[in-house]
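Numbering (our numbering), first residue to last: 9 to 554.
Where is the CB? At the ideal position from N, CA and C, for every residue including glycine.
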Amino acid sequence: DSSDLDGETVNINDDNDEISDNDGRSDSSDDDDDNDNRPNLQTWTWTNDTNTVRQINFTGNSGINPIVSRQLNADCTELDVLNQFLTNEFWDKVVSETNKYAREKILGGGDVRPNNNWTDVTKDEMKAYFSLVVLMSQNPKQKVTDYWSRRQIIHCPIYSEVMSRDRFKSISRYLHFSSSLLQTDKLRKIRPVVELLLSSFKRVFKPGKFCCIDESLMSFRGRLAYIQFNPSKRARFGIKIYKVCDSVTGYCYNFKIYTGKEITNDTTMLVSEQVVLTMTEDLVGEGRLMFMDNWYSSPNLFLELLNRDTYCIGTLRANRKNVPKEIKKEKLKKGEITFRSSNNMLCLKWKDRKDVTMLSTYHERPDFQEVTSQRESRKQNPVVSLKPNVVVDYNKYMCGVDKQDQKLSSFPVMRRSAKGYKKIFFYLFDIALCNASIVHNLVTKKKIHLSEFRLNIVDQLLSTVQLPDRPTGGRPSLDQPMRLQCKQWGHFIEKIPPTNKARPSKRCKVCYDHGRRSETIYQCKKCKVPLHLENCFEIFHTVNKY
Numbered sequence: 009d010s011s012d013l014d015g016e017t018v019n020i021n022d023d024n025d026e027i028s029d030n031d032g033r034s035d036s037s038d039d040d041d042d043n044d045n046r047p048n049l050q051t052w053t054w055t056n057d058t059n060t061v062r063q064i065n066f067t068g069n070s071g072i073n074p075i076v077s078r079q080l081n082a083d084c085t086e087l088d089v090l091n092q093f094l095t096n097e098f099w100d101k102v103v104s105e106t107n108k109y110a111r112e113k114i115l116g117g118g119d120v121r122p123n124n125n126w127t128d129v130t131k132d133e134m135k136a137y138f139s140l141v142v143l144m145s146q147n148p149k150q151k152v153t154d155y156w157s158r159r160q161i162i163h164c165p166i167y168s169e170v171m172s173r174d175r176f177k178s179i180s181r182y183l184h185f186s187s188s189l190l191q192t193d194k195l196r197k198i199r200p201v202v203e204l205l206l207s208s209f210k211r212v213f214k215p216g217k218f219c220c221i222d223e224s225l226m227s228f229r230g231r232l233a234y235i236q237f238n239p240s241k242r243a244r245f246g247i248k249i250y251k252v253c254d255s256v257t258g259y260c261y262n263f264k265i266y267t268g269k270e271i272t273n274d275t276t277m278l279v280s281e282q283v284v285l286t287m288t289e290d291l292v293g294e295g296r297l298m299f300m301d302n303w304y305s306s307p308n309l310f311l312e313l314l315n316r317d318t319y320c321i322g323t324l325r326a327n328r329k330n331v332p333k334e335i336k337k338e339k340l341k342k343g344e345i346t347f348r349s350s351n352n353m354l355c356l357k358w359k360d361r362k363d364v365t366m367l368s369t370y371h372e373r374p375d376f377q378e379v380t381s382q383r384e385s386r387k388q389n390p391v392v393s394l395k396p397n398v399v400v401d402y403n404k405y406m407c408g409v410d411k412q413d414q415k416l417s418s419f420p421v422m423r424r425s426a427k428g429y430k431k432i433f434f435y436l437f438d439i440a441l442c443n444a445s446i447v448h449n450l451v452t453k454k455k456i457h458l459s460e461f462r463l464n465i466v467d468q469l470l471s472t473v474q475l476p477d478r479p480t481g482g483r484p485s486l487d488q489p490m491r492l493q494c495k496q497w498g499h500f501i502e503k504i505p506p507t508n509k510a511r512p513s514k515r516c517k518v519c520y521d522h523g524r525r526s527e528t529i530y531q532c533k534k535c536k537v538p539l540h541l542e543n544c545f546e547i548f549h550t551v552n553k554y
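Okay, structure coming up:
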């Protein structure tokens, strides 16, 4: 019974409204042998009878971890949520490894740049650095140095106010995450932060009943042994990352970075089947419904997951082992459908533009439903089409990874990096921001766009850090005494402009927020906020939560 799956169809497969058996979603076929010669561990007798669906109730915990929920409330800030993912342990690791690497390079003679006066970076300074990196993704420029340009048409004072250009470049140069020398680990340079981020993803939020497993291709054209090429992807060249996401929110619960074909002694399972079972081991046994594409789907895998109390729906390659011969051979006209069932599993082939072969342990039979595609729904007289319920449900819930990929492609933190491990790190940092945005919207019951969320993170991070006094570089000024150093960034007092009142005044912002009605004749010249000169002006500009 799939009555609880009814709803609006969502399909995010580029511009194609239909799924197909060879839709090109996966680029991992080189790891699986389609000539599957494994011995059958199960008897498969396919009939044209209605499938007998095994009844499994959803019993799993889902949503935000109760421990995390007690630390957050409806008034929590974006930074409060992000701190659940980027913990003190995370920042301490990045800071200590960066300082260690910088000292090794400079003292060891590996870096002989002129004027390379490195001083250890602090935790607050590292947070300020990442704030600028996030801000750069919201405001892309041709070169990093353009952010510190003094040309009026592109000048952005916030960057030079927070950090000098040379200091930013130094931190970027020495940014490091691990001192491991384990040559067999291809991710040794980022392994500690990968484990910290993955642990936080699993700790903060657990997917609901509907999950999907798919892969993303992180764009990268540098030198790396495990670069993938897939002409059907937008990036084409890149690093493949397997993901398990919540189908409704797009939250990334688990990920695995592909670093090449793994050597395994398990000859009873395909590589794709091992990937699914490994990445979903925390989610099986609780009545969830997993969605996957044709690289992962197989009768053997679906039966194994069903035995672990987990339903599955997925597109299917017709040449997979144990697919019924009738499904492979039968020729259909457009709109026609055929199906077979065996071992509590339904296998169907439906003719749309192409043959669509699917597998499901959740449906009894392929009943047709009337659906309107997203493209058609925007028209005045949309065309309603008929699709099998298995296809409709797949289109609705397979888009969890695609949802996140769309968000990540809009604001990539690091556009260019010569080092592959740094590129991967910033991609995972992006996922952390995206996950934090999802959790923040769930906790506060607001719908804040990811772009606004990221800007708020920058604001809040910069307002909480204490930056060390460092020389800004350049030629020292002889006519710039200390009293003039705040000309660009300072906040000053002015009288409230004339109004209809004989003596113009407004409510003091700080007093009003504390429930006191008290008026003032002064305001901040830059913020345009009415404030009392004594106490209130200083509190407003120095205390985050006053």
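In terms of Cβ geometry, residue 431 and residue 228 form a close pair [threshold 7 Å].
For residue 226, the uninterrupted beta strand (DSSP E) segment begins and ends at 218-227. Contact annotation: residue 304 and residue 284 have beta-carbon atoms nearer than 7 Å. A Cβ-Cβ contact shorter than 7 Å links residue 421 with residue 437. With respect to residue 350, residue 398 sits apart: the two C-beta atoms are not nearer than 7 Å. Below 8 Å, too few C-beta pairs join the segment 105-113 and the segment 463-471 to call them touching: fewer than three. Look at residue 211 here: in three-state DSSP terms it is helix. Here residue 537 has 517, 531 and 548 as same chain residues with Cβ atoms under 7 Å from its own Cβ, once five neighbours each way along the sequence are excluded. About 19 Å separates the beta carbons of residue 200 and residue 180, which is beyond the 8 Å limit, so they are not a contact pair. Judged by DSSP in its simplified three-state form, residue 331 adopts coil rather than helix or strand.
When secondary structure is reduced to three states using DSSP, residue 516 falls in the coil class, being assigned neither helix nor strand. Around the beta carbon of residue 553, fewer than 16 other beta carbons lie within 10 angstroms, which makes this residue exposed. Under the DSSP assignment, residue 144 falls outside any beta strand (DSSP E), being part of the alpha helix (DSSP H) whose first and last residues are 131-146. The Cβ atoms of residue 429 and residue 197 sit closer than 7 Å to each other.
In the DSSP assignment, residue 550 falls within the alpha helix (DSSP H) that extends over 544-550. Nearest Cα to residue 231 within the set 406, 341 and 246: 246. Taking all protein chains shown into account, residue 540 has 16 or more neighbouring C-beta atoms within 10 Å of its C-beta and is therefore buried.
7 Å or more divides the Cβ of residue 299 from the Cβ of residue 171.
In this structure, DSSP gives residue 434 a helical state, which the three-state scheme calls helix. In the three-state reduction of the DSSP assignment, residue 521 falls in the helix class, which pools H, G and I. Scanning 142, 116, 143 and 111 for the CA closest to the CA of residue 128 turns up 111. Residue 214 counts as buried, since at least 16 other C-beta atoms from the protein chains shown sit within 10 angstroms of its C-beta.
Between residue 458 and residue 415, the beta carbon gap of about 5 Å places them in contact (Cβ cut-off 8 Å). Linking residue 205 to residue 264 through their CA atoms gives a straight-line distance of about 12 Å.
Judged by beta-carbon spacing, residue 135 lies within the 7 Å limit of residue 473, meaning their Cβ atoms are closer than that value. When beta bridges are read from the DSSP output, residue 88 appears opposite no residue. For residue 282, the enclosing alpha helix (DSSP H) covers residues 279-287.
Pairwise C-beta distances place the segment 301-319 out of contact with the segment 79-92, as fewer than three of them are shorter than 8 Å. Between the C-alpha atoms of residue 278 and residue 253 there is a straight-line separation of about 22 Å. Shown here, residue 262 sits in a strand according to DSSP, grouped into three states. Boundaries of the beta strand (DSSP E) harbouring residue 379: 376-379, taken from the DSSP string. Under the three-state reduction of DSSP output, residue 237 falls in the strand class. Only residues of its own chain outside the window of five on either side were considered, and among them 349 have a CB closer than 7 Å to the CB of residue 57, listed in chain order. No Cβ-Cβ contact shorter than 7 Å links residue 444 with residue 176. Secondary structure at residue 185: coil, using DSSP grouped into helix, strand and coil. For residue 251, the closest alpha carbon among the candidates 244, 287, 504 and 274 is that of 287.
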